[in-house]
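Sequential numbering of the sequence shown, starting at 4, is according to the numbering used here. C-beta atoms are modelled at their ideal positions from N, C-alpha and C, and glycine is treated no differently. Since this is a predicted model, take the numbers as computed values, not measurements.
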Amino acid sequence: MITLARISLLATLLAALGTPGAARAADDHAPVVLDNGLRVVLLPMAEARSVALVTLYDIGEWDDPVGQSGLSHLTEHMIATASAGEEWPARSAQAWMQAYPPPLGTNAQTGEDYTVVATVFRPVALRDEIAEAAARMSTIAVTEADMERELPRLAGELDNMYGGMVGLGTMNTIRATVRRMADGQRKGGVMDHLHTLAATDVQRHFDRYYKPRHAMLVLAGKFEREDALALIRTHFAPIPAGEPLPPRPERAPSLLGVTLNAEMTSAFPGAAPPYAVTLGFSAPSPDSPHYPAFLVMAADLFQSSIRAGSHRSGMSPPVVFAPLDDPGLIVFNGAGADVGEANAALQEIRERIRAAVPAKGEMVNTFAATRMFGPMLGLMEMPDSQAAQNPYFIAFSEGRRRQVGLDPLALKDALARLTPADLEACYNAVLSPARGSAVIVRTVAAEE
4 MITLARISLL
14 ATLLAALGTP
24 GAARAADDHA
34 PVVLDNGLRV
44 VLLPMAEARS
54 VALVTLYDIG
64 EWDDPVGQSG
74 LSHLTEHMIA
84 TASAGEEWPA
94 RSAQAWMQAY
104 PPPLGTNAQT
114 GEDYTVVATV
124 FRPVALRDEI
134 AEAAARMSTI
144 AVTEADMERE
154 LPRLAGELDN
164 MYGGMVGLGT
174 MNTIRATVRR
184 MADGQRKGGV
194 MDHLHTLAAT
204 DVQRHFDRYY
214 KPRHAMLVLA
224 GKFEREDALA
234 LIRTHFAPIP
244 AGEPLPPRPE
254 RAPSLLGVTL
264 NAEMTSAFPG
274 AAPPYAVTLG
284 FSAPSPDSPH
294 YPAFLVMAAD
304 LFQSSIRAGS
314 HRSGMSPPVV
324 FAPLDDPGLI
334 VFNGAGADVG
344 EANAALQEIR
354 ERIRAAVPAK
364 GEMVNTFAAT
374 RMFGPMLGLM
384 EMPDSQAAQN
394 PYFIAFSEGR
404 RRQVGLDPLA
414 LKDALARLTP
424 ADLEACYNAV
434 LSPARGSAVI
444 VRTVAAEE
C-alpha cells in the first residue's frame, strides 16, 4: 500500500472548510463509457495547477480466491511497479514515489471491493501519464524478480497492519470479527498463502480481471476536456474488456458481542499507550436505511470525543471511519495505563455511543455530518480554490461515490428527514453492544 492521501474522519474534518450548500446532482459529470466497458469521468478544474489520474478497479480483497489471501493486494503492487512495455521498466515503490515529489504524489491501495492506482502530476505530462496508465491496464509483465522485490515489502506492510502500528493492529483485529472474510482470509493477505504464488499466478489474475470492464478512470485538475478524452480513447479503447469476475467466496459469520485480549509489539516506541482499547462495528452500506443516521452519529461521536478530552497523545483518533476508503468499518479508540483503566475506557465509549441518540422530540442536528462528510460524499461543494489544491481528493471521491452507488441528492434529502427514532433504530441495528466487538491490547516495545 503506497499512500498519497488516506481519507480518514479526522482528515475529512480538516478538509471540510466550506459551508454546507447544495448537493451535487447525481448525474453531474456523467461518465463516458468506452466500447470495452471503461468508465471515464472527467473533472476539469480551471484553478488547478496539477492533474490527478485515478484508476479504480471493481475488484478487491473480497475477490481473493480461498487459499490466496492477498492476491489482489500483491496485484496492486505489481500494477504500480512491474514493467509495462519497453517504455516503462520495472521500478521500486520508492522510485515511483520519488518521481512525483510533493506537491505531486502517488497512491496505490486495495480495499474490500476496490483497487486504486493514482498519480498526481503537472498538466504538461498529461499525454505521457495517460499512455502509462493504459499500459498498466494492458501490458504489465510480472516476473520472479518483481515477486522477490514486492513480497518482503508486502510482509512489512502486514507487520504494521497487525501490530507494528498498534492503532492499525487493533482496528484489523476488530475487522476480523465484525467483517470476517472467508475462512483463512484476512485484510492485506496471508504471507503463507502469498509464498505459494508464482509470478505467473499474479500475471494470470491481472490479465483476466484488471481490465476496462471492471475499471473507472477519473481525471481531475488542469486539462481540456475534449483533448483528454481523445487521448484516453486513443490509448484505452484498444484494450480488451477482460473476463467477468467469478463469484466472491462466501464470508464467515461475524463474531459479535465479544471482548478480546491481546498483546502487540509496537515497532514505534512511545507511539502507543500501555493499553489500547478499540470497539468496532460493521458500518451500514450507502443503500441501507440506517446510513443517514449512522453518518450523523459518527460525526457527533467524533466531536463529543474531542470535547470530552478523551483523545490523548499516542492514541489513535477517537473515531475512525473512512466512508470511501474503508466504508465497511467504524472503530472507537481509547486507552489506559492498566487493565482497569482500559476497561473503564471501553465502558465510557459504549456510554458515549448510547448518549448520541437524541431524546424523543429533540431535533436531529445534521450540521456536523454535512460539514464533516460533505465534500467527500457530494453533500456540499468545496470552493474552487480549495478543490484545486487537492485534485486527488476530488477524483478519488467522485470515483468511489460512483463505485458504492451513493446518490448525494437522495442522501441529503434523507438527512433532512431524520428523527430521533431513526437514530435509535440505527443504534439498535448497528452500534449497540450486541452488534460490535472490542479488543484490549497490552502494548510492548520491540525490546521487551
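Cα-Cα separation, residue i to residue j
i, j, result
"Arg-505", "Ser-257", "As shown, the chain starts at 4 and ends at 451. That puts residue 505 outside it, with no answer to give."
"Asp-195", "Pro-361", "48 Å"
"Leu-161", "Ile-443", "20 Å"
"Ala-391", "Ala-398", "11 Å"
"Ala-255", "Ala-185", "5 Å"
"Arg-405", "Ala-371", "23 Å"
"Leu-129", "His-238", "12 Å"
"Ala-85", "Glu-132", "16 Å"
"Pro-106", "Ala-55", "11 Å"
"Gln-350", "Gly-439", "13 Å"
"Met-379", "Ala-413", "15 Å"
"Val-193", "Leu-421", "42 Å"
"Leu-157", "Thr-78", "11 Å"
"Asp-385", "Tyr-294", "The sequence as given places Met at residue 385; Asp does not occur at that position. Met-385 and Tyr-294: Cα-Cα distance of roughly 23 Å."
"Ser-307", "Asp-61", "36 Å"
"Ala-274", "Pro-320", "13 Å"
"Met-375", "Ala-244", "38 Å"
"Thr-173", "Leu-418", "31 Å"
"Gln-71", "Asp-416", "42 Å"
"Asp-230", "Gly-224", "13 Å"
CB contact flag (residue i, residue j, <8 Å)
i, j, result
"Val-57", "Gly-402", "yes"
"Ser-400", "Gly-331", "no"
"Leu-46", "Leu-222", "yes"
"Ala-325", "Cys-429", "no"
"Ile-309", "Phe-335", "no"
"Tyr-395", "Ala-98", "no"
"Val-342", "Pro-423", "no"
"Val-322", "Ala-301", "yes"
"His-80", "Glu-153", "yes"
"Asp-66", "Leu-200", "no"
"Thr-268", "Gly-337", "no"
"Glu-246", "Arg-207", "no"
"His-76", "Gly-170", "no"
"Asp-328", "Gly-408", "no"
"Pro-202", "Val-280", "Pro is not the amino acid found at residue 202; the sequence shown has Ala there. Contact flag unset, no."
"Ile-276", "Thr-446", "For clarity, residue 276 is Pro in the given sequence; the question names Ile instead. Yes, they are a contact pair."
"Met-383", "Thr-369", "no"
Residue(s) in a DSSP beta bridge with residue i
i, result
"Met-219", "Arg-42, Leu-59"
"Asn-368", "Per DSSP, none; premise fails for Asn-368."
"Val-322", "Phe-335"
"Ile-309", "Ile-309 is not bridged to any residue."
"Leu-263", "Val-442"
"Gly-283", "Val-334, Ser-440"
"Gly-224", "Pro-47, Val-54"
"Phe-396", "Partner(s): none; Phe-396 has no beta bridge."
"Ser-269", "Ala-448"
"Thr-122", "Leu-56, Thr-109"
Residue i classed as buried or exposed, judged by whether at least 16 other C-beta atoms fall within 10 angstroms
i, result
"Arg-52", "exposed"
"Glu-365", "exposed"
"Leu-17", "The predicted model places Leu-17 with a pLDDT of 40, which falls under 50 and marks its position as unreliable, so this point remains unresolved."
"Val-36", "exposed"
"Gly-283", "buried"
"His-198", "exposed"
"Gly-159", "exposed"
"Lys-363", "exposed"
"Asp-149", "buried"
"Ser-388", "exposed"
"Ala-340", "exposed"
"Arg-228", "exposed"
"Ala-49", "exposed"
"Ala-240", "exposed"
"Ala-83", "buried"
"Asn-175", "buried"
"Ala-463", "Since the first residue shown for the chain is 4 and the last is 451, residue 463 is missing from the structure and cannot be characterised."
8 Å CB neighbourhood of residue i in its chain, flanking five on each side removed
i, result
"Pro-436", "Gly-260, Arg-353"
"Ile-242", "Asn-39, Leu-41, Ala-137, Met-140, Ser-141, Lys-214, Pro-215"
"Val-69", "Ala-185, Asp-186, Gly-187, Gln-188, Pro-252"
"His-32", "Val-44, Leu-45, Leu-46, Glu-401"
"Ala-29", "Confidence in Ala-29 is poor, its pLDDT being 47 and thus under 50, which makes the residue's placement too unreliable to answer from."
Close Cβ partners of residue i (< 6 Å) along its chain, the five nearest in sequence each way excluded
i, result
"Ile-356", "Leu-434"
"Pro-272", "Ala-448"
"Met-168", "none"
"Glu-135", "Trp-91"
"Phe-209", "Thr-78"
Contacts around residue i, its chain only, beta-carbon distance under 7 Å, and the 5 residues preceding and following it disregarded
i, result
"Thr-118", "Tyr-60, Ile-62, Gly-63, Ser-75, Glu-79"
"Asn-264", "Ile-443"
"Asp-303", "Ala-359, Ala-371"
Residue i: CB within 7 Å of a non-hydrogen atom of the ligand COA
i, result
"Ile-443", "With respect to small molecules bound, the structure shown includes none, and the ligand COA cannot be examined in it."
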